[in-house]
């Protein structure tokens, strides 16, 4: 990024770069608002990166529902011979305007 200062978007792979996106951008001489940071999969590190301005937009793929609905599907199929279900757990986006409510929801799901 320091060799290509015209870069305006940094796409984060799931979770990992969110843990150190601030240090990556700072090493390139960039501040939190110099590059638009985007990624996917909400985590505690991602929440902190959004709060700090280092990440601007993250898709929240509803991992809790993805795991829960898969187990529910198995139980329904085993116990009641349900056919496979098409389950769309939806998706949302985390950003500075909604990160606090998502962080509360995410932390309560992670604690259980």
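In the working numbering, the protein residues as written are 1 to 112. Glycine included, C-beta positions come from ideal geometry on N, C-alpha and C. All of these numbers come straight from a predicted model, not from anything done at the bench.
Measuring CB to CB, does residue i end up less than 8 Å from residue j?
i, j, result
"residue 95", "residue 42", "no"
"residue 61", "residue 91", "yes"
"residue 71", "residue 35", "no"
"residue 114", "residue 103", "Lying outside 1 to 112, the shown extent of the chain, residue 114 is not represented and no answer is given."
So what does residue i bridge to, in DSSP terms?
i, result
"residue 58", "39 and 94"
"residue 11", "38"
Please list, in chain order, all residues of the same chain as residue i whose beta carbon is under 7 Å from its beta carbon, the five residues on each side excluded.
i, result
"residue 40", "14, 58, 59 and 61"
"residue 11", "38 and 39"
"residue 114", "Outside the shown range of the chain, which is 1 to 112, sits residue 114, and nothing can be said about it."
"residue 99", "47, 50 and 51"
Given a threshold of 16 other Cβ atoms within 10 Å of its Cβ, counted over all protein chains shown, does residue i qualify as buried or as exposed?
i, result
"residue 25", "buried"
"residue 101", "exposed"
What does a CB cutoff of less than 8 Å around residue i pick up in its chain, not counting 5 residues either side in sequence?
i, result
"residue 22", "32, 49, 52 and 54"
For residue i, which residues from the same chain have a beta carbon less than 6 Å from its beta carbon, with the 5 sequence-adjacent residues on both sides left out?
i, result
"residue 17", "Residue placement at residue 17 is flagged as unreliable, the pLDDT there being 49, under the threshold of 50; the coordinate-derived value follows with that caveat. Counting only Cβ-Cβ distances below 6 Å, and skipping sequence neighbours, we find nothing."
"residue 82", "76"
"residue 1", "7 and 28"
Is the CB of residue i under 8 Å away from at least one CB in chain D?
i, result
"residue 99", "The displayed structure is made up of one protein chain only, and chain D is not part of it."
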